[in-house]
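Numbering of the sequence shown is given in my numbering, commencing with residue 1 and proceeding in unit increments.
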Amino acid sequence: MGMVAKPQVNSAEKDVTDVDDGAEKVTAGTFWPEILLRDLRLASRIPGRTTTSRLKFVTTEAVAHVTDQLDDWRGIQESAGYSTLADVPARMLNGESMKVYRYRRAVYSAARALLLENARDVDTTEKGDRKADALEVQTDDLWRDVRWAIADIRGTQRLFVELV
């Protein structure tokens, strides 16, 4: 007769990062949701060796990139009378607008991709260089996730084309 030990499930509210980002956030006006660095760090598994200032720097660029890609779409939504992304009609999942979720996904993926792209440095060793090469595939996947999340927000078809 065997016993199976089941792992204990911990509440998400008890998740903690290995560094305290405080209430640091990135905002992009009233239409777009604020991005809390603590939530980004947890969702994207970004360890404490990435400082809060570095994380805020890449997150600011990620928000700028995503909001630039969606600027014309935002204008259309505001003209239709929606003052925030959460106001734009969308399916709800876990009590949250799918458009808000996908906005965060786009920003989180872009921020993580930017961190990984900068992992390689001039003093990288041969072993570190191989690790950075391995991260390129992950970075490509993250940028794909950014494009797909933006397409989903716009309500357009996801498109992936590769020339051979």
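Even for Gly, the Cβ is constructed at its ideal location relative to N, Cα and C.
Query, Result
"Residue 38 versus residue 84 - alpha carbon distance", "22 angstroms"
"Per DSSP, the bridge partner or partners of residue 25", "36"
"Strand pairing of residue 225, partner residues [DSSP]", "Within the shown structure, residues of the chain are numbered from 1 to 164, placing residue 225 beyond reach of any answer."
"Simplified DSSP state of residue 60, which is helix, strand or coil", "helix"
"At least 3 beta-carbon pairs within less than 8 angstroms: the segment 95 to 102 vs the segment 48 to 67", "no"
"Pair within 8 angstroms by beta-carbon distance, residue 153 and residue 103", "yes"
"DSSP state of residue 122 mapped onto helix, strand, coil", "Any reading at residue 122 needs caution, since the residue's pLDDT is 49, under 50, leaving its predicted position unreliable; the model's value is listed next. Correct three-state label for residue 122: coil."
"Three-state secondary structure (DSSP) of residue 82", "coil"
"Own chain partners of residue 60 with C-beta closer than 6 angstroms, once the 5 adjacent residues on each side are dropped", "26"
"Cβ neighbours of residue 33 in the same chain (closer than 8 angstroms, five flanking residues each side left out)", "84, 85, 86, 100, 103, 104"
"Reference residue 107; option with closest CA among 81, 143, 72", "143"
"CA-to-CA distance, residue 52 to residue 30, given in whole angstroms", "23 angstroms"
"Residue 76, buried or exposed, once every other Cβ within 10 Å from all chains shown has been counted against 16", "exposed"
"Cβ neighbours of residue 182 in the same chain (closer than 6 angstroms, five flanking residues each side left out)", "Given a span of 1 to 164 for the chain in the structure shown, any question on residue 182 remains unanswerable."
"Pairwise C-alpha distance: residue 20 and residue 151", "33 angstroms"
"Minimum Cβ-Cβ distance from residue 153 to chain B less than 8 angstroms", "Any reference to chain B falls outside this structure, which holds one protein chain only."
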